[in-house]
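K.L.:
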Amino acid sequence: MLHIQFHDAVAEIRMDRPPANALNREFVERLLAALESTRMDGAHAIILTGRPGMFSAGLDVPELITQDRRQVEAFWGLFFSLNRQLAGSPVPVIAAISGHAPAGGAVLALQCDWRIGVTGKFRIGLNEVQVGLPVPSTILLCLEQLVGPRVARRLATRGELLLMDDAVAVGLVDELVAPDELQSTALKRANELLALPPVAMNTTRLASKAKLIEALGSSGDTAAATAWWFSTETQTEMRKLVARLAKK
């Protein structure tokens, strides 16, 4: 599911759960463990990336739709814990967005300190509303910090998926490179940060996200997301999504 490679003090975590790096409980648990283990093994910066053409498609809806309330609540708790670990990481995290990143895939990228997309017809965005799931308040806060309140409101309310160049234009993605330049660019950005005085850099980096990190520490989003998941509207739309996916 995960491949970890060290480049001196930079750890690269590559998600590899075919076909779409969809997030289920086991995958999220492994990501949480990888973030901790790489730091324990001496990583001073982390690159999070995916498979060619697919960063992550977000939640594993076909699996989650079969689970009971206790299981779904446990998943959401882990998912928001992963968000907090990414946002509040004691070392910088670079998102090397290797392809599509809708919904939960975009959420993971948003929590990172720098986002690099790849050229091509790849899309990123919070399209949760289109499949009947409200966007959690902490995710909205993160989006607002990147693109501003007006653009965040438009993107989230409409559930827009942006092509990568459009995502760069609004500030959702920081830069765009050719696919074969993604790893080298991510390593370059990580090492640029590591060349700075570390205490000053990391203190400032975390202070800039202090409100988000604090909000992610609350259990409110877990309870709200669980309640939304089992609402009639969300269940109806999610089952439609599962049916569409089954036909592909």
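So for the sequence shown, the numbering used here puts the first residue at 837; every next one is plus one.
Note that beta-carbon positions come from the ideal geometry of N, C-alpha and C, so glycine has one too.
Are at least three pairs of beta-carbons, each pair with one atom in the segment 892 to 899 and one in the segment 855 to 864, less than 8 Å apart?
P.N.:
yes
K.L.:
Beta carbon of L1018, beta carbon of A932: below 8 Å?
P.N.:
yes
K.L.:
Would E899 and T1062 be called neighbours here (beta carbons separated by less than 8 Å)?
P.N.:
no
K.L.:
Starting from T1021 and walking both ways along the alpha helix (DSSP H), at which residues does that stretch end?
P.N.:
1018 to 1030
K.L.:
Report yes or no: do the segment 1022 to 1031 and the segment 866 to 878 share at least 3 C-beta pairs separated by less than 8 Å?
P.N.:
no
K.L.:
So which of A1014, V927, T1058 has the shortest CA-CA distance to R906?
P.N.:
T1058
K.L.:
Please report the distance separating the alpha-carbon of A923 from that of V846.
P.N.:
17 Å
K.L.:
Would you call the CB atoms of W1064 and T1070 closer than 8 Å?
P.N.:
For the pair W1064 and T1070, the CB atoms are nearer than the 8 Å cut-off.
K.L.:
Quick one: give me the first and last residue of the alpha helix (DSSP H) that V1006 is part of.
P.N.:
1000 to 1006
K.L.:
Could you tell me whether the segment 959 to 967 touches the segment 998 to 1009, where touching means 3 or more Cβ pairs closer than 8 Å?
P.N.:
yes
K.L.:
If you drop the 5 nearest sequence neighbours on each side, which residues of the same chain put their C-beta closer than 8 Å to that of V983?
P.N.:
L991, V1006, G1007, L1008
K.L.:
Since A1036 is in the alpha helix (DSSP H), which residue starts that stretch and which ends it?
P.N.:
Residues 1034 to 1043.
K.L.:
Answer with buried or exposed for P938, where buried requires no fewer than 16 other C-beta atoms within 10 angstroms of its C-beta.
P.N.:
buried
K.L.:
Buried or exposed for F842, please, with buried defined as at least 16 other CB atoms from any protein chain shown within 10 angstroms of its CB.
P.N.:
Under a 10 Å Cβ-count criterion, F842 is classified as exposed, with fewer than 16 other Cβ atoms of the shown protein chains found around its own Cβ.
K.L.:
Enumerated in chain order, which unbroken segments of the alpha helix (DSSP H) with a length of 4 residues or greater are wholly contained in the segment 925 to 951?
P.N.:
Residue ranges of uninterrupted alpha helix (DSSP H) with 4 or more members, entirely inside the segment 925 to 951 and ordered along the chain, are 940 to 946.
K.L.:
I need the boundaries of the alpha helix (DSSP H) containing R986, first residue and last residue.
P.N.:
985 to 994
K.L.:
Could you check if H936 is buried or exposed, using at least 16 other CB atoms within 10 Å of its CB as the buried criterion?
P.N.:
buried
K.L.:
Can you tell me whether R837 is helix, strand or coil according to DSSP?
P.N.:
According to the sequence displayed, residue 837 carries Met and not Arg. Correct three-state label for M837: coil.
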